[in-house]
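Per our numbering, residue 1 is the first one in the sequence shown, and the count goes up by one each step.
Read through the structure below, which is laid out as structure tokens, and then see the notes.
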Amino acid sequence: MSNIALLTSIVCLTIIQLQIGHAAGCWSANACIDRNVCISKGGTPQAGLCPGAANIQCCTCTTCKDAAACSANSGTPHAGICAGAANIQCCKGGSTSPGTGTSRPTNTMLTGLADILRGAGLNVVEVAGWKTRGHGVMASVKGIVVHHTAGPKTGDYPSLGVVRDGTSSLAGPLAQLGLGRTGTWFVIAAGRCYHAGSTIDDSIYGNSNAIGIEAEGVGLPATDSGHTNWPEVQYQSYVR
Numbered sequence: 001m002s003n004i005a006l007l008t009s010i011v012c013l014t015i016i017q018l019q020i021g022h023a024a025g026c027w028s029a030n031a032c033i034d035r036n037v038c039i040s041k042g043g044t045p046q047a048g049l050c051p052g053a054a055n056i057q058c059c060t061c062t063t064c065k066d067a068a069a070c071s072a073n074s075g076t077p078h079a080g081i082c083a084g085a086a087n088i089q090c091c092k093g094g095s096t097s098p099g100t101g102t103s104r105p106t107n108t109m110l111t112g113l114a115d116i117l118r119g120a121g122l123n124v125v126e127v128a129g130w131k132t133r134g135h136g137v138m139a140s141v142k143g144i145v146v147h148h149t150a151g152p153k154t155g156d157y158p159s160l161g162v163v164r165d166g167t168s169s170l171a172g173p174l175a176q177l178g179l180g181r182t183g184t185w186f187v188i189a190a191g192r193c194y195h196a197g198s199t200i201d202d203s204i205y206g207n208s209n210a211i212g213i214e215a216e217g218v219g220l221p222a223t224d225s226g227h228t229n230w231p232e233v234q235y236q237s238y239v240r
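Shown next, in the form of structure tokens:
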């Protein structure tokens, strides 16, 4: 039995590695720009994800934020390489947030979420007011519970308002993080969110101890297998 278990583990790891290594393409066709222009805007160019000449590369910004907030912190905002509303721009320079450290958070707001995602090279949008939003503090972080929004069929993250503000029967925020169809992460709340419901172990998976992620998706496919029903760029962002 131990040999069978070992073989199964090896096969699973191989599948994961193949999925991660699969080329995802650029997160947006509009982000395929000259690499030097990308760098001048504060972005990071990545080759092999865009059609055309070798200098046309996929530009990703890890410091997407409100343009006014960027300028207020002595940064320079640049449009065109961030997802979301027009005011969400790539902030080059300016003051930066302090490091998040390695200690485990206890009875606190998770104000380092945006920096953690950026550290993984992901595209991030900070939703206004997120650092003080939540149903109180998080007791700890022992788990992550992933959900899909069952929202509209079009748009990058049309469910933002519901996840942030809730519904008539359940007050928001409903998750700390949202994942758009372009692979962009929306940081919505730093505190406790109503996402988990009743779990098999609330000390690990409950609202007070688990981060909630709401990925934009219309619902479960007829055949719930693999990730073929998710945009590849969204899936790859989830993996990272």
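Where a beta carbon is used, it is the ideal one built from N, C-alpha and C, also for glycine.
Residue i versus the options, residue with shortest Cα-Cα distance
i           : options               : result
residue 80  : 61, 93, 73 and 94     : 61
residue 177 : 189, 205 and 67       : 189
residue 151 : 141, 162 and 142      : 162
residue 51  : 68, 110, 32 and 45    : 32
residue 242 : 38, 109 and 71        : Nothing about residue 242 can be reported from this structure: the residues present for the chain run from 1 to 240 only.
residue 237 : 193, 182, 198 and 199 : 182
residue 209 : 233, 140 and 47       : 140
Buried or exposed by the 16-neighbour rule on C-beta atoms within 10 Å, applied to residue i
i           : result
residue 144 : exposed
residue 120 : exposed
residue 65  : buried
residue 201 : exposed
residue 107 : exposed
Whole-number beta carbon distance between residue j and residue i, since they are thought to touch under 8 Å
i           : j           : result
residue 123 : residue 184 : 5 Å
residue 112 : residue 78  : The pair is not a contact, with the Cβ atoms about 24 Å apart (cut-off 8 Å).
residue 166 : residue 174 : 6 Å
residue 191 : residue 216 : Residue 191 to residue 216, Cβ: 22 Å. No contact.
Per-residue DSSP class, three states only, for residue i
i           : result
residue 154 : coil
residue 234 : helix
residue 53  : coil
residue 132 : helix
residue 36  : helix
residue 22  : Confidence in residue 22 is poor, its pLDDT being 36 and thus under 50, which makes the residue's placement unreliable; the coordinate value appears in the next sentence. Of the three classes helix, strand and coil, the one that applies to residue 22 here is coil, per DSSP.
Quiz prompt | Completely contained alpha helix (DSSP H) runs for the region 160 to 206, where each covers 4 or more residues | solution = 160 to 165 and 202 to 205
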